[in-house]
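Okay, so here's the structure we're looking at.
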Amino acid sequence: EINANTAVAYELNGNIDSALYWERASLKINPTAHGNSEWIHLKILEARKQLQADPDWCLHHNVTDVVNRIKETYKFEEHEDFNEGSRIFSDFMNQLEERFPFTYAEDKVMGKLMMELGDAYQAASIYRSYYCYALAQYLYPALKEETDEKMRLILMKYPAGTVESFGRAVSLKRTGNSESREMVAPD
Numbered sequence: 020e021i022n023a024n025t026a027v028a029y030e031l032n033g034n035i036d037s038a039l040y041w042e043r044a045s046l047k048i049n050p051t052a053h054g055n056s057e058w059i060h061l062k063i064l065e066a067r068k069q070l071q072a073d074p075d076w077c078l079h080h081n082v083t084d085v086v087n088r089i090k091e092t093y094k095f096e097e098h099e100d101f102n103e104g105s106r107i108f109s110d111f112m113n114q115l116e117e118r119f120p121f122t123y124a125e126d127k128v129m130g131k132l133m134m135e136l137g138d139a140y141q142a143a144s145i146y147r148s149y150y151c152y153a154l155a156q157y158l159y160p161a162l163k164e165e166t167d168e169k170m171r172l173i174l175m176k177y178p179a180g181t182v183e184s185f186g187r188a189v190s191l192k193r194t195g196n197s198e199s200r201e202m203v204a205p206d
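Plus 19 on top of the position in the sequence shown (first one is 1) and you've got my numbering.
Shown next as structure tokens:
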């Protein structure tokens, strides 16, 4: 895990090439480090490298191939240990827990990653999907139009109400032909 943490230090200092070197070294030594989530860290670093050459890269590319992998393998009724889709969700949660303390108000890669996770969550939890889209907008405002449409479709397809998602209440409201959303802090 030391190599992975060295990669994070380089990443935070903007030295993506060195971060990639140390992350690849980490994966060679221990591919299951940080709760088996370092493959996601590598994808994040590769996306950051692409952003150096093209600031709009995240508008046209996914950070991972996770959406299709989850849609192909997730089975709600199966036990998590035997379910590839559930394992991928777990990998994401492990990596996000490690990354969010270092994520700033606007982060294109993390915003795109949250949008991908929102797409993937449609196989498991529409409410978590909705929450991921809202977070994607916050992290990468250029995704607003696309995520607004995804959120609108959720509101049209599923009944309104308030549900728990990632420890926060998410109010989904519909009034006539208009819809609104709000994040409500837990009591």
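All residues carry an ideal CB built from backbone N, CA and C; glycine is no exception. Since we're looking at a predicted model, the values are computed, not measured.
CA-to-CA distance, residue j to residue i, given in whole angstroms
i	j	result
Glu20	His53	7 Å
Ala153	His60	22 Å
Glu125	Tyr159	6 Å
Glu103	Asp36	31 Å
Leu31	Trp58	18 Å
Leu174	Thr51	38 Å
Asp73	His80	11 Å
Glu117	Ser45	16 Å
Phe121	Leu115	10 Å
Tyr123	Gln141	26 Å
Assigned secondary structure, residue i (DSSP; H/G/I helix, E/B strand, else coil)
i	result
Pro120	helix
Asn32	coil
Thr25	helix
Pro50	coil
Asn81	coil
Glu103	helix
Asp73	coil
Ser109	helix
Ser56	coil
Gln156	helix
Gln114	helix
Ser37	helix
Ser144	coil
Whole-angstrom C-beta distance between residue j and residue i, which should lie under 8 Å
i	j	result
Ile89	Ala139	4 Å
Asn24	Ile48	Their Cβ separation, rounded to whole angstroms, is 13 Å, which puts Asn24 and Ile48 out of contact at 8 Å.
Ala143	Phe111	Their Cβ separation, rounded to whole angstroms, is 11 Å, which puts Ala143 and Phe111 out of contact at 8 Å.
Check whether residue i and residue j have beta carbons under 7 Å apart
i	j	result
Cys151	Gly137	yes
Val82	Ala66	yes
Met170	Tyr149	yes
8 Å CB neighbourhood of residue i in its chain, flanking five on each side removed
i	result
Asn113	His53, Gly54, Asn55 and Ser56
Gly156	Per the sequence presented here, residue 156 reads as Gln, with Gly not at that position. Closer than 8 Å at Cβ, skipping near neighbours: Gly130, Leu162, Lys163, Thr166 and Asp167.
Gln71	Ile35
Leu64	Ala26, Glu30, Ile35, Ala38, Leu39 and Glu42
Glu12	In the structure as shown, the chain begins at 20 and stops at 206. Residue 12 is therefore absent and cannot be evaluated.
Sequence-distant residues of the same chain with beta carbon closer than 6 Å to residue i, five excluded per side
i	result
Gln69	Trp76
Leu132	Val82
Lys62	Val82 and Thr83
Gly33	none
Other residues of its chain near residue i: CB distance less than 7 Å, five sequence neighbours each side excluded
i	result
Tyr29	Ser37, Ala38 and Trp41
Lys127	Leu70, Cys77 and Tyr159
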